[in-house]
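One line per chain: the protein sequences are X, B, V, W and U, in this order.
If you read the first sequence in the working numbering, its first letter stands for residue 1, the second for the next number, and so on.
If you read the second sequence in the working numbering, its first letter stands for residue 1, the second for the next number, and so on.
If you read the third sequence in the working numbering, its first letter stands for residue 1, the second for the next number, and so on.
If you read the fourth sequence in the working numbering, its first letter stands for residue 1, the second for the next number, and so on.
If you read the fifth sequence in the working numbering, its first letter stands for residue 1, the second for the next number, and so on.
We put the CB at the ideal spot given by N, CA and C, even for glycine.
This structure is a prediction, so every number in the text was calculated from the model and none was measured.
What follows is a single structure, written as structure tokens, with notes after it.
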Amino acid sequence: MDIATLVGAVAGLLMITVAIYIGGGAGAFLNVPSMLITVGGTVCATLVHFPLAEVLRIVSVVKRTFAVNIPPPQQVIRDMAEFARAARRDGVLALEDTLSRVDDDFLAKGLQLVIDGTESEQLREIMLIELNSVQRRNKMGSSILSFMGEAAPAFGMIGTLIGLVQMLRKLDDPSMIGAGMATALITTFYGALMANLFFIPLAGKLNTRAKEEDTVRQMMIEGLTGIQSGVNPGVLEDRLMSFLTPGTREVATKT
Amino acid sequence: MDIATLVGAVAGLLMITVAIYIGGGAGAFLNVPSMLITVGGTVCATLVHFPLAEVLRIVSVVKRTFAVNIPPPQQVIRDMAEFARAARRDGVLALEDTLSRVDDDFLAKGLQLVIDGTESEQLREIMLIELNSVQRRNKMGSSILSFMGEAAPAFGMIGTLIGLVQMLRKLDDPSMIGAGMATALITTFYGALMANLFFIPLAGKLNTRAKEEDTVRQMMIEGLTGIQSGVNPGVLEDRLMSFLTPGTREVATKT
Amino acid sequence: MDIATLVGAVAGLLMITVAIYIGGGAGAFLNVPSMLITVGGTVCATLVHFPLAEVLRIVSVVKRTFAVNIPPPQQVIRDMAEFARAARRDGVLALEDTLSRVDDDFLAKGLQLVIDGTESEQLREIMLIELNSVQRRNKMGSSILSFMGEAAPAFGMIGTLIGLVQMLRKLDDPSMIGAGMATALITTFYGALMANLFFIPLAGKLNTRAKEEDTVRQMMIEGLTGIQSGVNPGVLEDRLMSFLTPGTREVATKT
Amino acid sequence: MDIATLVGAVAGLLMITVAIYIGGGAGAFLNVPSMLITVGGTVCATLVHFPLAEVLRIVSVVKRTFAVNIPPPQQVIRDMAEFARAARRDGVLALEDTLSRVDDDFLAKGLQLVIDGTESEQLREIMLIELNSVQRRNKMGSSILSFMGEAAPAFGMIGTLIGLVQMLRKLDDPSMIGAGMATALITTFYGALMANLFFIPLAGKLNTRAKEEDTVRQMMIEGLTGIQSGVNPGVLEDRLMSFLTPGTREVATKT
Amino acid sequence: MDIATLVGAVAGLLMITVAIYIGGGAGAFLNVPSMLITVGGTVCATLVHFPLAEVLRIVSVVKRTFAVNIPPPQQVIRDMAEFARAARRDGVLALEDTLSRVDDDFLAKGLQLVIDGTESEQLREIMLIELNSVQRRNKMGSSILSFMGEAAPAFGMIGTLIGLVQMLRKLDDPSMIGAGMATALITTFYGALMANLFFIPLAGKLNTRAKEEDTVRQMMIEGLTGIQSGVNPGVLEDRLMSFLTPGTREVATKT
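Next comes the structure, spelled out in structure tokens:
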């Protein structure tokens, strides 16, 4: 669970809401047609821009990289060494017990392949295919969020233009000017808020997570092939350590 | 048929239209001179920017990559293997029957060359020339759409400036102020909508499609030269598989 | 003659003019002081930014690449082959007759050098110097136009700020407000129009032309040194063909 | 102490404050809800964008690179030569006295390792890990500040939109229009000031400092391993000199 | 003397001034507090962004590259050949007479080293250190000017926001609205003018000059080491010629 993402998003929304309540007229800030234009326009433009399958996957990609626990590198090293020790002592079939306690789908799939006795080269290739599609999904997800971060303010402005034109046609009723203009500005507000509190920062964090996940997944692949070919647990631990750059190695130790 | 492009564009337009109807005064949003300035200005600037031949081709390039079915890689592999089997069994002349059932112009041209007995190196060269001009057209199309995505809001703003100046000269008739300003804003609305719902996302999808098409076309060239030189269908299938990155290989299997 | 450039620029201006006339008050759009600020400011900033000699050359660079006919590659190949045949049959002195019919300065200079019996290596070096300075001029021209495309809207805004400040000082005469504001906006209109209809697209086309010219000039240099060293016309034709990428080769054939 | 950073920031704030006092109504510029939206929104978006640990470290990273004295390269060379001489004369244990006078944590840690008799290769590796994590922290710090420089004006605008909508709902009380609009604009003012006087320039200086620190730290590592392996002090000095590019070498001499 | 820079800057200012006088109310455009905010804010942000020493040097860097005569390459070649001839005829000591007539500091320093009999390798190294620090200064100068080109409009906008807020607090005195708003806009005007007429174009020209100076300085270094080691003047001239790209060689000949 990346607590910062959640705290940031929720606290941001809360703060804006409080600021709105303090100023009064909070009702004016909830406007369904305005939301329709901004959200709907952004989603439609995203559909025109990206392949359908990728757009449909975006919710799960975002959730997958923010809520799901990618195990920290240090724990992966510890787990791998433990698996290696168990496999050496009792054979790879002994990993079957461990399998049930593994939460991570990627690791579970790999362990299953080891237990099934898949040979080393094939095991690596299958896992790399899996990793590759994870990477592609992360990268595509970040591209989509970045694009939405550009599209949302644009459709916010389009909504405001629509509202302004409609308001200006009814200038003869002065009491409506203020309300009309206020409503017109709501879409720009929606667009700016969505882009700057959600889409742009989420795209940024997705990139950071993708880099972390990539390292962890490659460590898992290295570990699994090592276990499968019966490498000494201590040697395996050293080999996995070398995946960490000095900086992350230190961070890993501290965590 | 890329359904997302169509759905996105149509749903986007519809949503905007509905939002306009809900707000009332929909008539104000259809303004021929405003459309003239925004669309006309964008087209003129595009003519100044790009060679005439490329601009004329843009409609067909857009249509070609969005509506036309580029066969999915997996099907290309299957087809190629089938052609190879037919050619091995009954000779390349037997492909004549198949030819009539091939929709894809690129593939049809290649098959015809195989049937005509064009030798391997020349076949590859002719098809690469064809592919090269397809790639160039896709890339140029994407550049043109990107440029239009920048020009449209600019000419929208130019139209609004014209409208504002005209409105400001007639300030003595207050009843005209609102209507004048509303009309002035319409061009900015047109420019923003065209750029953000069509030009920019279409340029993005054109890039994605171009990458997909490139892979498929290269697989076809590899397949056709293989068929022409009598490669074993199984070997050919393996060779074509290697064109797919692990990720797309998996996707291809899923499709 | 690049007809698209001319048509785009003229049609764009015409369309804007028509739109202005339809709206009325066309007189307001011709304002000498406003033009002074926008055009003058842009030119002055360009002088500060670029070396004087390059700025002075810009008109001729623009004209040179848009109005002058760079011969199409296919014609260059044909001409070169013809020159080679003539030179082989009657000696290089026989090219003297041809020289008078050659419009292109670059080619004419090269032919003169061949007729004068300049030796192969020196001929190539002299022509490369010529080509290099053509390339540098094209690139610098494109940089200058791009910069002007950024400066023009900036000085348009500066002019509008001046106009607004002056208008705001005279708020006590309400009848002047509209007219003052209208005049103020004219400079922004000029800047946006100049940048988006002329400077930015012209810089783009200059780049396309520069690439085309580069290929044609290099073909000429290859051709001239070939003629000078008595290469077989057919061989020469093949050698020049290889300058074309497959795509342009096809285009060349189609033209 | 980087005096320019402090002077620039303080003088900038002072100048703005003076300008505000001259114009009057200074009270209007201190608005807690406005600050809440701009600062709070920026911080929340930063939390969504970057890992929590990095965001928490930002204050110390900024302070560390601006207030702490990274010793100038020339002094590092002098110190290292002196340490080398002391170590040669009285053995590495004699450095214990020096250690107490060393302010720089990085250098102190390295010296301690030398005194402890850590062997050359291990010493270098430990210090490189340390350096690597310093570099990563500096780079991440600069990324975070850059992002805040983009987020602050965006949340400023969001705050202004909120204020405008609230003001527009109460148009019937004309005496409130001015005050409402003034309050609305305060957030944009906060966002622009924070971004342009602090976040963007601080990110820039952090980059410059990071480059300087990197050179100095690498000189220290080279020096310490040299001392540990008993290199001649004169040779060491020359070796450290070569770390400086000619330009900085001159600057170092002048300092 | 780069006449274009001076003419562009002066003519630009003049043109703006004339345009202001024609429109009237020129007094409003000279506003000390507004200038304080825009210039002061920009300078303060620059101090936060760049090291103090570099910011202090900016005036001299700008002056040095715009007003000082970097000798044209062709003249450097001529001078160097002449020096080489004099040194060959009468020994390097004979250059002492020439030294007094050399304006360029860089060249003078080099000649002095030659006269002092500095050996070839050391001479080159000393001069390269000098050149390196010139390059670094030019590059840093261009970075600083570019940053100021971004900061000036930002602080212009900050000033306008301050002015607007102050004006809006005093809406009850309608006669002050216009004047207040006019004053508020002045800072944006200052920022835009400074950035677009000075900072951005000056950064551009600094880059061009830096490239020219680099070539000339490297020719001088090559020439001086040649003279010092008694190279034949003709050979030296050829060697220096090769520093020029074909394009500049032609330009050099034309100058």
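Looking at residue j and residue i, is the spacing between their C-beta atoms short of 7 Å?
i	j	result
Pro33/U	Ile22/W	yes
Ile126/W	Phe50/W	no
Pro201/X	Val59/W	no
Ile77/X	Leu240/X	yes
Thr42/X	Met148/X	yes
Phe155/B	Thr38/B	yes
Pro73/U	Val216/U	yes
Ala45/V	Ala152/V	no
Leu171/X	Gly204/B	no
Thr188/W	Met157/W	yes
Ser242/V	Ser120/V	no
Met181/X	Met167/X	yes
Can you check whether the C-beta of residue i is within less than 7 Å of a C-beta belonging to chain V?
i	result
Val7/U	yes
Pro201/U	yes
Gly41/B	yes
Ala205/U	This sequence places Lys at residue 205/U; Ala is not what is there. So, interface residue.
Ala94/U	no
Gly141/U	no
Thr253/U	With a pLDDT of 44 at Thr253/U, under the threshold of 50, the modelled position of that residue is not reliable, and no figure is offered here.
Taking CB distances under 7 Å as the criterion, tell me whether residue i reaches chain X.
i	result
Thr188/B	yes
Lys211/B	no
Leu185/B	yes
Ile227/W	no
Are the C-beta of residue i and some C-beta of chain W separated by less than 7 Å?
i	result
Ile162/U	yes
Ala86/X	no
Lys109/X	no
Ala297/X	With chain X represented from 1 up to 255, any question about residue 297/X goes unanswered, as that position is not in the structure.
Met181/X	yes
Met157/U	yes
Leu30/U	no
Gly191/X	no
Using beta carbons (cut-off 7 Å, strictly below), is residue i in contact with chain U?
i	result
Ile20/W	yes
Asn138/W	no
Val48/V	yes
Met15/W	yes
Val230/W	It should be noted that the sequence gives Gly, not Val, for residue 230/W. No, Gly230/W lies away from the interface with chain U (no Cβ there is under 7 Å from its Cβ).
Gln166/V	yes
Assuming residue i is part of the alpha helix (DSSP H), what are its boundary residues?
i	result
Ile115/W	Asp105 to Ile115
Gly40/V	That residue, Gly40/V, is in no alpha helix (DSSP H); it is neither H nor E in DSSP.
Phe50/W	Looking at the DSSP string, Phe50/W is not in any alpha helix (DSSP H), and its letter there is neither H nor E.
Arg88/V	Pro73 to Asp90
Val7/B	Ile3 to Gly23
Val235/W	Pro233 to Met241
Are the C-beta atoms of residue i and some chain B residue less than 7 Å apart?
i	result
Met194/V	no
Asp224/X	Per the sequence presented here, residue 224/X reads as Leu, with Asp not at that position. By this cut-off, Leu224/X is not an interface position.
Gly178/V	yes
Would you mind telling me which residues of chain D sit closer than 7 Å to residue i, beta carbon to beta carbon, in chain order?
i	result
Ala151/W	Any reference to chain D falls outside this structure, whose protein chains are X, B, V, W and U.
Next on the checklist: Going residue by residue through the region 132-202 of chain W, where are the continuous alpha helix (DSSP H) segments of at least 4 residues, counting only ones entirely within it?
Outcome noted: If we require 4 residues or more, the alpha helix (DSSP H) runs fully inside the region 132-202 of chain W come out as 174-193.
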